[in-house]
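Sequential numbering of the sequence shown, starting at 1, is according to UniProt numbering. To start, the structure under review is shown below, and the notes come after it.
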Amino acid sequence: MENINMALRTLFFMFALFFTLFSSSSAQTCKNYSFSNNKLYSSCVDLSQLDSYLHWTYNSSANTVDIAYRQPGATSSKWIAWAINPTSSGMKGAQALVAYINSSNLPHAYTSPISGFNTQLQEGDLSFGVPKISAEYSNNEMIIFATVNLSSIGTKVNQVWQIGPVTGNSLGRHSITNSANMNSLGTIDFQSGNSTQSSSRESRQSKKNTHGLLNAVSWGILMPIGVIIARYVKVFEAADPAWFYLHVACQSSAYIVGVAGWGTGMKLGSDSPVEQTTHRNIGIALFCLGTLQVFALLLRPKKDHKFRLYWNIYHHSIGYTVILLSQINIFKGLDILDPEDKWKHAYIGILVALAAIAVVLEAYTWFIAIKRKRSAAVKYPHEANGTNGYGGSNGYYGARSQVRLSLPGLVAVVAHEQSLALGPKATEMAHLHLYSE
Numbered sequence: 001m002e003n004i005n006m007a008l009r010t011l012f013f014m015f016a017l018f019f020t021l022f023s024s025s026s027a028q029t030c031k032n033y034s035f036s037n038n039k040l041y042s043s044c045v046d047l048s049q050l051d052s053y054l055h056w057t058y059n060s061s062a063n064t065v066d067i068a069y070r071q072p073g074a075t076s077s078k079w080i081a082w083a084i085n086p087t088s089s090g091m092k093g094a095q096a097l098v099a100y101i102n103s104s105n106l107p108h109a110y111t112s113p114i115s116g117f118n119t120q121l122q123e124g125d126l127s128f129g130v131p132k133i134s135a136e137y138s139n140n141e142m143i144i145f146a147t148v149n150l151s152s153i154g155t156k157v158n159q160v161w162q163i164g165p166v167t168g169n170s171l172g173r174h175s176i177t178n179s180a181n182m183n184s185l186g187t188i189d190f191q192s193g194n195s196t197q198s199s200s201r202e203s204r205q206s207k208k209n210t211h212g213l214l215n216a217v218s219w220g221i222l223m224p225i226g227v228i229i230a231r232y233v234k235v236f237e238a239a240d241p242a243w244f245y246l247h248v249a250c251q252s253s254a255y256i257v258g259v260a261g262w263g264t265g266m267k268l269g270s271d272s273p274v275e276q277t278t279h280r281n282i283g284i285a286l287f288c289l290g291t292l293q294v295f296a297l298l299l300r301p302k303k304d305h306k307f308r309l310y311w312n313i314y315h316h317s318i319g320y321t322v323i324l325l326s327q328i329n330i331f332k333g334l335d336i337l338d339p340e341d342k343w344k345h346a347y348i349g350i351l352v353a354l355a356a357i358a359v360v361l362e363a364y365t366w367f368i369a370i371k372r373k374r375s376a377a378v379k380y381p382h383e384a385n386g387t388n389g390y391g392g393s394n395g396y397y398g399a400r401s402q403v404r405l406s407l408p409g410l411v412a413v414v415a416h417e418q419s420l421a422l423g424p425k426a427t428e429m430a431h432l433h434l435y436s437e
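The following block contains the structure:
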């Protein structure tokens, strides 16, 4: 019995030792690799994304590095690429070493500068020297061998690696839905041997969240609140002129935050291989319209100016257009971002609350307007109509009433808002005119 126990312990120890050695070997794949040409490299790193490997030897006297980029699992219908990006951390601007099996069934390696996301990986010179480049293919593994001159870029660089489909001699686009393809980037220092692999997916998601939050708060919440202030708060005489400054402060804050959100969106768009055309175009339109509203304040005529009516129509038209477009674009953005349902529900809840407040205030302001109208009718019984319109020959709603008749819907809003701020007599005149439409 004792001999059996000893044999079992020995067997268990052997299995444990074998498992430890196997795990150690698996964790050091690049260090245990032997090249068919017996080439030796002083350093290597396992690139976890796409299961790739980079081997290199740094030559300090010549300031060059000999590299071997390996891509196991690369069939003859795949291209591979390893690149240095001297200016950024992504694909755009990368200087690539590319290899694939050409139509002659031979491995072909070349250099390709990448200027944008729609690249066809055309052959061309890089921004740094590559004196030697070749490729080898065997056992479903493609290897790029190259010598890179580091004189102009230094030893610490941003690296990008990728794999995609090949048809004949035409190189297709790599996957933009596979997380490994989207996260295959990092940094490497050829001199020290230190390397990092990107957590760009988390970083990019954080930027998307920031973009969405800034725009939802600015265009989606602050802008409607500013409109509510301008449309309803001025009913209260005690709020004049405080309502105007509140309106300007709210809309200015919304614009500033909105521009920050718009800027992050444009940056995300330029760094993304996928173009959200509609979302982008609406965002640009919102930025332009919002900027027009800011500049409109500089051209705002006084209340008694003959062009004030036209300015009001312009200001209201742009304002309500911004509100409508912003809500459309925010929901498009939510579809793109695809957050948890609770965030969309929370935003919808805020919109419903703002809409409910607007409905209550709308009813209340109409009640105030009708009350003022009746009060004005008692106080000014013989001044309901003037020679040139409503309110006297030169009254607030005099000759200009013909313009209002051409824009009944919008002008009704303008007339209602102005009447609330002008007092009892003007209120009567405004509503006589408003009801006539």
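Think of the CB as a built atom: it goes at the ideal place given N, C-alpha and C, for glycine as much as any other residue. Only a predicted model underlies this, so the values are computations on that prediction, with no experimental measurement involved.
Continuous alpha helix (DSSP H) stretch holding residue i: start and end
i       : result
Gly-290 : 277-296
Gly-226 : 223-232
Endpoints, the beta strand (DSSP E) within which residue i is located
i      : result
Ser-52 : 52-59
Distance, residue j Cα to residue i Cα
i       : j       : result
Ile-350 : Leu-286 : 21 Å
Ser-52  : Asp-46  : 6 Å
Ser-406 : Val-294 : A caution first: Ser-406 carries a pLDDT of 41, below 50, which makes its placement in the model unreliable, though a value can still be read off. C-alpha separation (whole angstroms): 27 Å.
Ser-152 : Thr-87  : 12 Å
Lys-306 : Pro-241 : 21 Å
Asn-329 : Gly-193 : 46 Å
Lys-373 : Leu-298 : 33 Å
Tyr-58  : Lys-132 : 15 Å
Thr-210 : Gly-261 : 8 Å
Gln-197 : His-345 : 36 Å
Gly-290 : Ile-101 : 53 Å
Val-107 : Gln-120 : Correcting the residue identity first, residue 107 is Pro in this sequence and not Val. Answer to the nearest angstrom: the Cα atoms are 18 Å apart.
Ser-393 : Asp-304 : Here the model assigns Ser-393 a pLDDT of 41, short of 50, so the residue's position is not dependable and the matter cannot be decided.
Leu-325 : Tyr-364 : 27 Å
Cys-288 : Leu-354 : 25 Å
Ser-252 : Tyr-245 : 10 Å
Asn-312 : Lys-234 : 15 Å
Gln-191 : Ser-60  : 8 Å
Ile-144 : Asn-118 : 23 Å
Val-166 : Val-148 : 26 Å
Trp-366 : Tyr-232 : 10 Å
Ser-112 : Ala-81  : 9 Å
Tyr-397 : Val-352 : Below a pLDDT of 50, predicted positions are generally treated as unreliable, and Tyr-397, at 39, falls in that range; no measurement from the model is reported.
Val-359 : Ile-228 : 10 Å
Leu-343 : Lys-208 : Note that residue 343 corresponds to Trp in the displayed sequence, not to Leu. Roughly 14 Å between the two C-alpha positions.
Ser-48  : Leu-126 : 26 Å
Ala-377 : Leu-309 : 25 Å
Thr-187 : Ser-104 : 35 Å
Ala-146 : Val-130 : 7 Å
Ile-348 : Ile-256 : 23 Å
Pro-339 : Leu-185 : 25 Å
Ser-115 : Asn-32  : 36 Å
Tyr-41  : Ser-270 : 37 Å
Residue closest to residue i, alpha-carbon to alpha-carbon, out of the options
i           : options                            : result
residue 439 : Ser-175, Lys-156, Tyr-364, Asn-32  : Only positions 1 to 437 of the chain appear in the structure, and residue 439 is not among them; the question remains open.
Gly-226     : Val-378, Ile-101, Leu-337, Gly-319 : Gly-319
Ser-206     : Tyr-310, Gly-265, Asn-59, Met-142  : Gly-265
Leu-213     : Asp-189, Ala-376, Phe-331          : Phe-331
Asn-85      : Val-157, Ser-76, Asn-139           : Val-157
Ala-230     : Asn-215, Leu-292, His-315          : His-315
Ile-357     : Pro-224, Asp-66, Thr-278           : Pro-224
Asn-63      : Val-322, Ser-195, Thr-155, Ser-218 : Thr-155
Ser-36      : Ala-369, Leu-309, Glu-141, Trp-82  : Glu-141
Gly-124     : Leu-97, Thr-321, Arg-173           : Leu-97
Val-248     : Ile-370, Arg-300, Glu-136          : Arg-300
Glu-237     : Ile-368, Leu-222, Tyr-110          : Ile-368
Ile-323     : Val-217, Val-378, Leu-334          : Val-217
Phe-128     : Cys-250, Thr-321, Gln-95, Thr-29   : Gln-95
Ser-134     : Ile-67, Ser-34, Ile-284            : Ile-67
Leu-50      : Asp-338, Trp-161, Val-65, Glu-136  : Trp-161
Asn-215     : Tyr-33, Leu-334, Ser-34, Ile-228   : Leu-334
Ala-109     : Lys-78, Gly-186, Ser-48            : Lys-78
Asp-189     : Leu-171, Ser-43, Val-257, Tyr-310  : Ser-43
Ile-336     : Leu-268, Ala-296, Leu-309          : Leu-268
Gly-172     : Leu-309, Val-259, Gln-122, Tyr-33  : Gln-122
Gln-327     : Gly-220, Ser-48, Arg-308, Ser-317  : Gly-220
Ile-284     : Gly-116, Gly-263, Lys-302          : Gly-263
Asn-139     : Val-257, Gly-168, Ala-74           : Ala-74
Residues that residue i bridges to, as DSSP identifies them
i       : result
Cys-44  : His-55
Gly-186 : Gln-159, Gln-197
Thr-167 : Ser-170
is_contact[residue i, chain C] using C-beta, thresh 7 Å
i       : result
Gly-172 : The structure shown contains no chain C; it holds only a single protein chain.
* To do: Ignoring anything shorter than 3 residues or poking outside the UniProt domain "DOMON" (50-164), list the beta strand (DSSP E) runs there in chain order.
  => Taken in chain order, the whole beta strand (DSSP E) runs of length 3 or more contained in the UniProt domain "DOMON" (50-164) are 52-59, 64-72, 78-85, 95-101, 107-113, 132-138, 141-149.
* Minimum length 4: unbroken alpha helix (DSSP H) runs contained in the segment 322-369 -> Correct list: empty.
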